[in-house]
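Reviewing the structure listed below.
Protein chains in written order, with the UniProt record's numbering: chain A, 1 to 300; chain B, 1 to 300; chain C, 1 to 300.
Here it is as structure tokens:
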């Protein structure tokens with residue numbers, strides 16, 4: 001599979017398509033089943049696994065670790081991504097409400113706890129999950145720098161950050177923010193126009209795209225935009241002999257910011273299908289037909 | 001009292017809580033009464049006094065000067081802030097409408113007139129009051145640089161400027177813009193999210209917060225958001241044993257941009273109350289509960 | 001006539017008022033008639049002629065070239081501007097929809113085709129017509145740099161780009177982007193407030209203003225804002241003894257970004273009228289009265 005090499009750190013790379021494991025706990029897999037999924041993904045070239053402390057009500061990282069323990073030699077073939085900075089109400093804590101915490105203490109503790117839950121020595125990538133209005137950039141940068149220099153984290157990045165958030169945090173960090181993981185899809189196309197992806201392209205930050213199918217809306221949604229997209233996907237599916245899911249991925253992959261979409265299905269057949277799209281570039285007109293369908297209007 | 005030292009000019013500082021005198025003319029104080037207010041504020045550690053040429057229909061600065069004349073030795077214990085750049089219709093002029101004027105000529109004349117009205121030799125800080133769509137950055141920067149080099153103004157800043165306004169003016173100035181005075185409160189929380197405060201934090205510009213209680217709406221407003229905030233303030237007031245006004249200030253003081261709220265009451269008891277909040281940091285959950293109340297929704 | 005010299009390239013200048021030829025094909029002029037128009041404009045000092053590959057359904061540039069061929073010595077007295085990057089459905093092609101193409105191949109071919117159609121050796125200025133969401137900045141910058149170094153294009157710029165688009169493209173280019181051609185008028189005043197013109201002023205990019213009369217709405221529109229502007233233009237017309245069209249131009253010319261409005265009329269009397277406004281600066285209050293009329297509210 002194609003890989004995305006960071007221009008900011010040549011020794012860092014991700015697989016062009018990454019696997020999101022936020023629903024791992026929902027699948028009720030045994031550790032053995034999870035291991036099989038991981039192995040099949042690695043076989044397809046999908047080496048980047050995306051997690052977060054809070055996924056599955058704080059349980060996914062442990063489930064992932066349980067599977068990995070069955071075959072620890074797989075660790076070296078993967079990039080493991082985690083995120084922290086959200087405090088989610090749960091039976092495991094007594095938070096009065098969902099909130100953010102980007103304090104040095106919390107981020108350090110969360111990263112260490114992710115390592116412990118997955119029983120690994122180092123995260124390949126640690127992302128700050130959401131922009132915290134109380135982000136003290138000096139304090140957070142110091143904590144992230146220390147996690148990197150101490151070897152607990154290979155590289156750092158952010159998620160759902162707007163350019164001004166990135167600029168603030170980067171202004172205090174010694175190491176570069178390599179990744180911004182944001183929501184992008186045909187039905188969430190604002191980042192293509194409002195400067196988010198332009199900023200990534202300019203600063204050579206790798207965008208990872210979460211919810212690349214808009215949570216399934218692209219294929220089954222009943223809103224007006226979704227139905228227009230569905231009709232266009234059908235047409236193009238016939239014309240180009242590609243499946244709708246493949247078209248949706250190819251639409252993202254064509255963007256020059258070189259983003260990595262996150263697939264989230266537990267079914268290998270679907271994942272195989274998605275991966276098969278690599279190497280099939282969408283023609284420019286087809287791309288704009290999908291954009292027109294999504295926005296309900298022509299370009300200016 | 002805590003002080004805010006500018007990272008851009010180590011010899012410049014403000015008191016953490018500043019006094020806004022835009023209603024000085026409304027209070028109908030004698031000069032002696034105003035002097036007593038100033039002395040009490042200085043006694044509380046509030047050393048920063050915020051004025052503008054136009055306050056009180058162009059009368060506040062003279063009233064302030066009248067009081068200061070009674071005890072000129074107080075001058076050395078204060079930071080006096082003024083603003084200019086608005087032309088307000090008044091009996092003193094024949095403007096056809098309220099408008100802005102950031103021309104070199106007007107800004108220089110306005111600063112000199114503020115000095116004369118207050119009978120002082122130097123403004124500690126001169127702010128451009130509003131972003132003027134006709135701002136000629138080269139001309140304005142030259143005027144501001146000259147006011148500083150000529151000693152009439154100790155330092156310069158802006159008010160109600162968005163980051164792009166600051167960047168434009170700063171690009172032509174020799175001296176740094178030390179302050180941006182903007183409206184921020186629980187009911188005007190956009191600057192926490194749209195990059196205004198992130199930009200201040202990044203560039204180490206001191207934010208001063210005007211209308212920190214949203215003109216009283218926080219405590220007496222009848223809008224939906226105001227009522228949600230009031231209910232939350234009451235709850236927290238009981239839980240934390242702090243007054244609503246103190247909570248509202250503590251909410252601003254917790255922000256890592258290290259902002260200076262402007263109090264505007266003429267009653268010393270209220271001011272004393274406000275100042276007393278320094279040193280009592282709001283817990284993170286309480287901060288987010290107030291944010292949720294203000295916005296009517298949880299964080300993402 | 002005043003000229004606008006680029007601060008980024010001292011040898012590059014435009015006439016303060018430029019001529020837009022997007023309707024040239026509509027006028028049904030003979031080449032001789034077009035030539036006469038060009039000569040009269042040159043006589044007025046209007047030396048900058050604005051075209052685009054797509055104008056007049058891809059026909060304007062050829063019509064312009066036909067006229068120029070009648071008197072080739074005029075070429076040296078003009079700045080010829082063209083634009084490319086839009087693919088418009090037309091009898092000349094089989095595009096399935098209107099879309100953008102900022103690929104190196106397309107932009108290079110389009111520029112060469114413009115040269116061929118106008119039968120000239122070099123464009124003075126080539127603009128990318130619209131921000132393409134698929135803009136690969138590296139590829140486009142390489143193509144533009146090559147057009148400049150190869151002598152086919154004297155200088156480059158953009159059109160309808162927001163600051164983040166400019167920053168992205170500029171980050172990869174060797175040569176500076178000298179111009180951003182955007183829509184600005186009293187009825188499209190957002191660029192004065194949202195940072196577009198501030199960014200131009202800061203980076204010393206020359207703004208060209210298209211549709212400076214909002215397509216005539218300023219004088220004949222029936223919307224609320226248009227009617228308020230019309231009433232104010234009438235008042236000021238009497239007070240200042242200037243025609244409404246002149247006032248509308250003077251309003252743009254007063255802006256410190258030093259923009260070049262594009263006139264688009266084929267009638268010389270109108271153009272002469274417009275040009276006559278140069279040297280008559282609008283008083284600041286009159287400028288703000290027009291702004292108030294356009295926005296329906298006072299400044300803050």
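Idealized CB from N, CA, C, for every residue including glycine.
Report task. For the region 258-283 of chain B, list the beta strand (DSSP E) runs that are entirely contained and at least 3 residues long, ordered along the chain. Result -> Segments of the beta strand (DSSP E) lying fully in the region 258-283 of chain B: 260-263.
Report task. Could you confirm whether any beta carbon from chain C is found closer than 9 Å to the beta carbon of residue 15 (chain A)? Result -> Judged by the 9 Å Cβ criterion, residue 15 (chain A) is not in contact with chain C.
Query - Residues near residue 197 (chain C) by beta carbon distance below 7 Å, same chain, minus five either side - result: Here the set comprises 191, 207, 255, 257.
Query raised in the report: What residues from chain B crowd round residue 55 (chain A), counting only those whose CB sits closer than 7 Å?
Result: Those do not exist, as residue 55 (chain A) stays about 15 Å from chain B at its closest Cβ, beyond 7 Å.
Report task. Give every residue of the same chain whose Cβ lies closer than 6 Å to the Cβ of residue 184 (chain C), excluding the five residues on either side of it in the sequence, and list them in chain order. Result -> Cβ contact annotation for residue 184 (chain C) (same chain, cutoff 6 Å, sequence separation greater than five): 191, 209, in chain order.
Report task. Only counting runs of 3 or more residues, tell me where the beta strand (DSSP E) segments fall wholly within the region 86-141 of chain A, in order along the chain. Result -> Listed in chain order, they are 125-128.
Query raised in the report: Comparing alpha-carbon positions, which option in B:214, B:159, B:19, B:52 lies nearest residue 113 (chain B)?
Result: When only C-alpha atoms are compared, the closest one is B:52.
Query - Run of the alpha helix (DSSP H) containing residue 311 (chain B), from where it starts to where it stops - result: The structure shown has nothing for residue 311 (chain B), since chain B only spans 1 to 300.
Report task. Classify residue 52 (chain A) as helix, strand or coil using the three-state DSSP reduction. Result -> Annotated three-state conformation of residue 52 (chain A) is coil, per DSSP.
Report task. Could you say which of C:64, C:119, C:289 lies nearest to residue 236 (chain C) if we only look at CA atoms? Result -> When C-alpha distances from residue 236 (chain C) are compared across C:64, C:119, C:289, the shortest belongs to C:289.
Query raised in the report: Taking Cβ positions only, does residue 58 (chain B) come closer than 9 Å to chain C?
Result: False, the Cβ-Cβ gap to chain C never drops below 9 Å.
Query - Local conformation of residue 174 (chain A) per DSSP, three classes - result: Here residue 174 (chain A) carries a coil assignment [DSSP, helix/strand/coil].
Requested in this report: With a 10 Å radius around its C-beta and 16 neighbouring C-beta atoms as the bar for buried, classify residue 48 (chain C) as buried or exposed.
Outcome: Residue 48 (chain C) counts as buried, since no fewer than 16 other beta carbons sit within 10 angstroms of its beta carbon.
Query raised in the report: Going by C-alpha distance, which of A:68, A:97, A:19, A:72 is nearest residue 286 (chain B)?
Result: Each of A:68, A:97, A:19, A:72 was checked against the Cα of residue 286 (chain B), and the nearest Cα belongs to A:97.
Query raised in the report: Per the contact definition of three or more C-beta pairs closer than 8 Å, is the region 123-134 of chain B in contact with the region 164-181 of chain B?
Result: As far as the Cβ criterion goes, the region 164-181 of chain B touches the region 123-134 of chain B, which means the pair count is three or higher.
Query raised in the report: Exposed or buried, what is residue 231 (chain C) when buried is set at 16 or more other beta-carbons lying within 10 Å of its beta-carbon?
Result: By the neighbour-count criterion, in which a residue is buried when 16 or more other Cβ atoms sit within 10 angstroms of its Cβ, residue 231 (chain C) is exposed.
Query raised in the report: Going along the chain, which residues of the region 92-103 of chain A sit with their C-beta nearer than 9 Å to a C-beta in chain B?
Result: Listed in sequence order: 95, 96, 97, 98, 99, 100, 101, 103.
Query - Cβ pair count under 8 Å reaching 3, the region 115-127 of chain A against the region 65-80 of chain A - result: The region 115-127 of chain A vs the region 65-80 of chain A: in contact.
Requested in this report: Taking only the alpha-carbon atoms, compute the straight-line gap between residue 178 (chain C) and residue 90 (chain B) and give it to the nearest angstrom.
Outcome: Rounded to whole angstroms, residue 178 (chain C) to residue 90 (chain B) spans 44 Å at the Cα level.
Query raised in the report: Are any of the Cβ atoms in chain B nearer than 9 Å to that of residue 195 (chain C)?
Result: Between residue 195 (chain C) and chain B, the shortest Cβ-Cβ separation is below 9 Å.
Requested in this report: Compare the Cα-Cα distances from residue 159 (chain B) to each of B:262, B:94, B:243 and report the closest residue.
Outcome: Nearest C-alpha to residue 159 (chain B): B:262.
Query raised in the report: How would you write the range of the beta strand (DSSP E) that residue 69 (chain C) sits in, first residue to last?
Result: It is not in any beta strand (DSSP E) - residue 69 (chain C) instead sits in the alpha helix (DSSP H) that spans 60-69.
Query raised in the report: Ends of the alpha helix (DSSP H) at residue 243 (chain C)?
Result: The continuous stretches of alpha helix (DSSP H) do not include residue 243 (chain C), and DSSP gives it neither H nor E.
Query raised in the report: Hey, residue 250 (chain A) and residue 277 (chain A) are a contact pair by Cβ (cut 8 Å); roughly how many whole angstroms apart?
Result: The Cβ separation is near 5 Å, so the contact holds.
Query raised in the report: What are the partner residues of residue 84 (chain C), as DSSP defines its beta bridges?
Result: For residue 84 (chain C), which the question treats as bridged, DSSP gives the partners C:128.
**Report entry** Backbone CA spacing between residue 293 (chain C) and residue 188 (chain C) [nearest angstrom]
**Finding:** Straight-line measurement puts the Cα of residue 188 (chain C) at about 13 Å from the Cα of residue 293 (chain C).
Query raised in the report: Beta-carbon of residue 177 (chain C) versus every beta-carbon of chain B: anything under 9 Å?
Result: So, not an interface residue.
Report task. Over the uninterrupted beta strand (DSSP E) stretch that includes residue 159 (chain A), give me the two end residues. Result -> First-last of the beta strand (DSSP E) with residue 159 (chain A): 156-159.
Query raised in the report: Among A:136, A:151, A:142, A:104, which residue has its Cα nearest to the Cα of residue 120 (chain A)?
Result: Among A:136, A:151, A:142, A:104, the Cα nearest to that of residue 120 (chain A) is on A:151.
Query - Cβ-Cβ distance between residue 99 (chain B) and residue 202 (chain C) below 9 Å - result: Between residue 99 (chain B) and residue 202 (chain C), the CB-CB gap reaches or exceeds 9 Å.
Report task. With 7 Å as the limit, tell me which residues of the region 196-207 of chain A have their beta carbon closer than that to any beta carbon of chain C; keep them in chain order. Result -> Those residues of the region 196-207 of chain A that come within reach of chain C (Cβ to Cβ, closer than 7 Å) are 198, 199, 201, 202.
Query raised in the report: Does DSSP classify residue 2 (chain A) as helix, strand or coil?
Result: When DSSP states are grouped into helix, strand and coil, residue 2 (chain A) belongs to the coil group.
Query raised in the report: Going by alpha carbons, who is nearest to residue 103 (chain C) out of C:70, C:139, C:88?
Result: Of the candidates C:70, C:139, C:88, C:139 places its Cα closest to the Cα of residue 103 (chain C).
Query raised in the report: Quick one: does residue 261 (chain C) have its CB under 9 Å from some CB of chain B?
Result: Cβ-Cβ to chain B under 9 Å: no for residue 261 (chain C).
Report task. Using alpha carbons as the reference points, say which of B:4, B:298, B:1, B:13 lies closest to residue 155 (chain B). Result -> It is B:13.
Query raised in the report: Using 9 Å as the limit for Cβ to Cβ distance, is residue 284 (chain C) near chain A?
Result: Interface criterion not met: the Cβ of residue 284 (chain C) is under 9 Å from no Cβ in chain A.
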